[in-house]
Amino acid sequence: MLQHLPVLTIMVPMFAGLLVPLLARVHAGIVRPLTIGALGFSCFAAIHMLLHVQGGHPIEYAMGGWPIPTGIGYRVDGLNAMVLVMIAVIGLLTALWMRRSIEDELPAAARPGYHAVLLLACTGFLGITITADIFNLYVFLEIASITSYVLIAMGRRRQALYAGYSYLIVGSIGATFILLGIGHLYMRTGSLAMADILAQFQANPDLYGMSDVRMAFAFLVVGLAIKMALFPLHGWQPGAYTHAPSASSLFIAATSTKVSAYALYRIVFSVFGTEVLVSGLPPVRDALLAMACAAIVLGPLIAISQGDLKRLLAYSSVGQIGYIVLGLMLLDERGLTGGIIHFWNHAAAKGALFCVAGALVLRTGAARVDDLAGLGRRAPWTASAVTVAGCSMVGVPLTAGFLSKWYLATGALATDRLYVVPVLLASSGLTAVYVWRILQKVWFAPADVEPRVGAEVPWSMRLPTLVLAAACLVFGIAPWSVEFARDAIAALGIAP
Amino acid sequence: MSDAQSPVIRYVARRAVPFIQLYALYVLGHGEDGPGGGFQGGVIFASSIVLLALVFGYGAGRKACPERISDFISPLGCLVYASIGLLCLLMGGMFLEYARLAGPDASDHAKHAAHHFGLIGIEAGVMLTVTASMVTLFFEMARPAPDEGGLDE
């Protein structure tokens, strides 16, 4: 069974996604249990594989029995097992959370299709993460992108169509760049299997000087930077997060850009080798460091002035993706630890906050920050979740966000990049400003303001919110995620 | 309704459809060892429906392949593909390892045959999905708008 878990993790949600539109004609009630069951299985499989790969025991899977450089392979190691767990857990929590939200926001005829598209999007993101074949990565990237466009365009206002369309155009340009990069790489190395290409680079470092290899790396980096909304290529992202149905915002904000960031990690570690940043193409590293630092400061700066909670969180995500890229570009064990644990930490915090934004849309019809006034009095559970997740975004000690920033800062000091420390501090300060704007409304609204939020949302929505908020605390106190990240880095071959 | 210009066009189109569809199946069958395959076969099959719609109008084309049917076939084809993959896995092989469909201790000849049947099976799945998707794409774009006649005008 364990042997087949890599492929089943991908195939079960895909199978369910294809069955949903067929079975929904017979019995609409089956859609939700089927969705939750399939994603629950993926969750179980991902966690099982994460525990299994600890200590450097990667799982490899050869499609169709073809040996790996010939056929397509899947490979689970410490790094992508963590990302798989993140995607599957967020997918499951979204499926649990979304019932009331999509009843409110989508017409009845669209709901089974929405479940199907969510399952296929999950398939795409899981596939990008698990594959060990660079062209297969592109195929899954397309699956994930096309389903994301649909998830966004299903928003109930007309702006959603525009947001989905502009993401489609920009995302397709990004995907084209990625494909061009893969093409150049294939032209030079004659292989698409990641391990095979990496072996060629390690055997012959002169390859880094070849202009087509440089082109390949540049295309891949720019394409992925568009997909992960790295500043200044984030133009598609705020509109998409703002106008999408709340369930889509939750799932996409907590997973999609980070999966592209993971793809950058994978390309650097397992395709080109980390040498490409050190001796191969150092200007790319400098450029990405600059872009990451700009994102870290400017994302929260723009977020401060937003009146719409979803748009505010979108700009905050622009900043948060900077942390993950920064961790990679430091290429130091501590910095990388900070970057890798931030996959989980950001998914938990941003997931919880988008749950709350979705609950706000359910209660008031919009996601205005001002409408949060009095939430603490009417809905103490939800309000506590906002508080914990907000503190984690700022990086208050004992929350998960603090650990990310701590490891990034120590990594920066260890590699003599002192300018990163004030960047991180400035970002925390700016984040504190917009989080305080939210918390002030939630807890300190004047007593004579009548809260617009009414009562708590149902438990189906509250529970996932609380689970994600609790995760912000657990990852901040228990060092599990740090242990997993250290193990992942050891397996990837960075000297500790 | 339609304004099929001349009886010649109408007659030829109607007679051509079965041959186009037969040719689609021929292309499908050759996918495993020559040019062709499920995708190409699916596109050719869908083109027969498109031809009907072009000559006899949107309504007549849609009648040949109603929305319920194309919406049903589209995921079904993918399911066929994935099911064959899972079947190989249940027979003790890797995902999509068709030779295992022959059973645990089959002869080399049987394994070879099973490999071919597996390939044709997944190609048939691809063909179903591609046909349905192409038909859907065409009819969605040709759908008569309320203020225009669409293709029928």
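In order, the protein sequence lines correspond to chains B and W. Be aware that the first sequence starts at 357, since it is given in my numbering, and climbs by one per residue. Be aware that the second sequence starts at 393, since it is given in my numbering, and climbs by one per residue. Glycine included, every Cβ here is placed at the ideal spot set by N, Cα and C.
Reference residue i; option with closest CA among the options
| i | options | result |
| --- | --- | --- |
| Gly485 (chain W) | W:Gly510, W:Cys470 and W:Cys457 | W:Gly510 |
| Glu631 (chain B) | B:Gly420, B:Met543 and B:Phe573 | B:Phe573 |
| Pro423 (chain B) | W:His504, W:Val404, W:Glu489 and W:Glu424 | W:Glu489 |
| Ile436 (chain W) | W:Ser525, W:Ala534 and W:Met533 | W:Ser525 |
| Gly421 (chain W) | W:Tyr403, W:Glu515 and W:Tyr450 | W:Glu515 |
| Val725 (chain B) | B:Gly695, B:Gln796 and B:Ile525 | B:Gln796 |
| Cys478 (chain B) | B:Ala827, B:Ala549 and B:Gly396 | B:Gly396 |
| Leu665 (chain B) | B:Ala782, B:Trp792 and B:Phe587 | B:Trp792 |
| Glu416 (chain B) | B:Met442, B:Leu361, B:Leu378 and B:Pro561 | B:Leu361 |
| Arg734 (chain B) | B:Ala801, B:Pro753 and B:Ala670 | B:Ala801 |
| Leu668 (chain B) | B:Phe625, B:Ile486, B:Ala723 and B:Ser783 | B:Ala723 |
| Ser612 (chain B) | B:Ala834, B:Leu654, B:Leu497 and B:Pro468 | B:Leu497 |
| Arg773 (chain B) | B:Ala646, B:Ala729, B:Pro814 and B:Trp836 | B:Ala646 |
| Ile366 (chain B) | W:Arg407, W:Ala474 and W:Ala502 | W:Ala474 |
| Glu532 (chain W) | W:Val404, W:Gln413, W:Ser462 and W:Val447 | W:Ser462 |
| Phe625 (chain B) | B:Thr738, B:Gly730, B:Leu754 and B:Gly434 | B:Gly434 |
| Phe557 (chain B) | B:Ala519, B:Leu524, B:Ser635 and B:Met419 | B:Ser635 |
| Val717 (chain B) | B:Val409, B:Leu379, B:Glu461 and B:Gly695 | B:Glu461 |
| Val615 (chain B) | B:Pro468, B:Leu580, B:Pro639 and B:Ser457 | B:Leu580 |
| Ala405 (chain W) | W:Ala506, W:Val447, W:Ile476 and W:Tyr415 | W:Val447 |
| Pro656 (chain B) | B:Pro778, B:Gly785 and B:Arg381 | B:Gly785 |
| Pro778 (chain B) | B:Ala765, B:Val789 and B:Tyr790 | B:Ala765 |
Residue i and residue j closer than 9 angstroms at C-beta
| i | j | result |
| --- | --- | --- |
| Tyr597 (chain B) | Ile582 (chain B) | no |
| Gly707 (chain B) | Leu822 (chain B) | no |
| Val674 (chain B) | Ala585 (chain B) | yes |
| Ala472 (chain B) | Arg388 (chain B) | no |
| Leu686 (chain B) | Gly767 (chain B) | yes |
| Met519 (chain W) | Gly426 (chain W) | no |
| Ile392 (chain B) | Leu448 (chain B) | yes |
| Leu493 (chain B) | Arg622 (chain B) | yes |
| Ile534 (chain B) | Leu589 (chain B) | no |
| Ile697 (chain B) | Ala756 (chain B) | yes |
| Phe710 (chain B) | Ser602 (chain B) | yes |
| Cys705 (chain B) | Ser748 (chain B) | One point to set straight first is that residue 705 (chain B) is Ala, not Cys, in the sequence displayed. Closer than 9 angstroms, so yes. |
| Tyr763 (chain B) | Phe699 (chain B) | no |
| Val798 (chain B) | Val742 (chain B) | yes |
| Leu468 (chain W) | Cys480 (chain W) | no |
| Pro594 (chain B) | Tyr671 (chain B) | yes |
| Phe587 (chain B) | Tyr542 (chain B) | no |
| Phe783 (chain B) | Gly694 (chain B) | According to the sequence as given, residue 783 (chain B) is Ser; it is not Phe. In this structure, Gly694 (chain B) does not lie closer than 9 angstroms to Ser783 (chain B) by Cβ. |
| Leu507 (chain B) | Ser604 (chain B) | yes |
| Ala491 (chain W) | His501 (chain W) | no |
| Pro456 (chain B) | Pro753 (chain B) | In the sequence as presented, Pro is not what sits at residue 456 (chain B); that position holds Arg. Taking 9 angstroms as the Cβ cut-off, Arg456 (chain B) and Pro753 (chain B) do not qualify as a contacting pair. |
| Ser440 (chain W) | Ile412 (chain W) | yes |
Pairwise C-alpha distance: residue j and residue i
| i | j | result |
| --- | --- | --- |
| Pro536 (chain W) | Pro410 (chain W) | 27 angstroms |
| Trp453 (chain B) | Leu417 (chain W) | 45 angstroms |
| Pro458 (chain W) | Val442 (chain W) | 13 angstroms |
| Ala851 (chain B) | Asp843 (chain B) | Residue placement at Ala851 (chain B) is poorly supported in this model, since its pLDDT is 45, which falls under 50; the coordinates are not used for a value here. |
| Ala825 (chain B) | Glu459 (chain B) | 24 angstroms |
| Ala452 (chain W) | Cys470 (chain W) | 27 angstroms |
| Val522 (chain W) | Pro736 (chain B) | 51 angstroms |
| Ile794 (chain B) | Ile446 (chain B) | 24 angstroms |
| Tyr430 (chain B) | Leu364 (chain B) | 11 angstroms |
| Met393 (chain W) | Ala456 (chain W) | Confidence in Met393 (chain W) is poor, its pLDDT being 45 and thus under 50, which makes the residue's placement unreliable; the coordinate value appears in the next sentence. C-alpha separation (whole angstroms): 15 angstroms. |
| Asp568 (chain B) | Arg690 (chain B) | 33 angstroms |
| Ile465 (chain W) | Leu478 (chain W) | 20 angstroms |
| Leu781 (chain B) | Phe831 (chain B) | 21 angstroms |
| Ser398 (chain W) | Arg513 (chain B) | 46 angstroms |
| Gly663 (chain B) | Phe840 (chain B) | 38 angstroms |
| Tyr470 (chain B) | Ser398 (chain B) | 19 angstroms |
| His413 (chain B) | Leu644 (chain B) | 31 angstroms |
| Thr738 (chain B) | Gly746 (chain B) | 12 angstroms |
| Gly449 (chain W) | Ala534 (chain W) | 10 angstroms |
Item checked: Completely contained alpha helix (DSSP H) runs for the segment 491–563 of chain B, where each covers 4 or more residues -> 514–545 and 550–559
Margin query: Does the contact criterion of 3 or more C-beta pairs under 8 angstroms hold for the segment 646–659 of chain B versus the segment 667–680 of chain B?
Written below: yes
Check: If you pair each beta-carbon of the segment 391–410 of chain B with each one of the segment 496–504 of chain B, do three or more pairs fall below 8 angstroms?
Finding: no
Margin query: I want to know whether the segment 433–451 of chain B touches the segment 630–645 of chain B - three or more CB-CB distances under 8 angstroms.
Written below: no
Check: In the segment 358–437 of chain B, which residue ranges form an unbroken alpha helix (DSSP H) of at least 4 residues, counting only runs that do not cross its ends?
Finding: 361–382 and 387–409
Check: With a cut-off of 8 angstroms, do at least 3 Cβ pairs link the segment 414–433 of chain B to the segment 536–551 of chain B?
Finding: yes
Check: Which full runs of the beta strand (DSSP E) of 3+ residues lie inside the segment 615–682 of chain B, going along the chain?
Finding: none
Note to self: Suppose only complete runs of 4+ residues qualify. What are the alpha helix (DSSP H) ranges in the segment 693–734 of chain B, listed by chain order?
What the structure shows: 731–734
Check: For the segment 470–496 of chain W, which residues have a CB atom closer than 9 angstroms to at least one CB atom of chain A, in sequence order?
Finding: Going by chain labels, chain A is absent from the structure shown, which instead holds the protein chains B and W.
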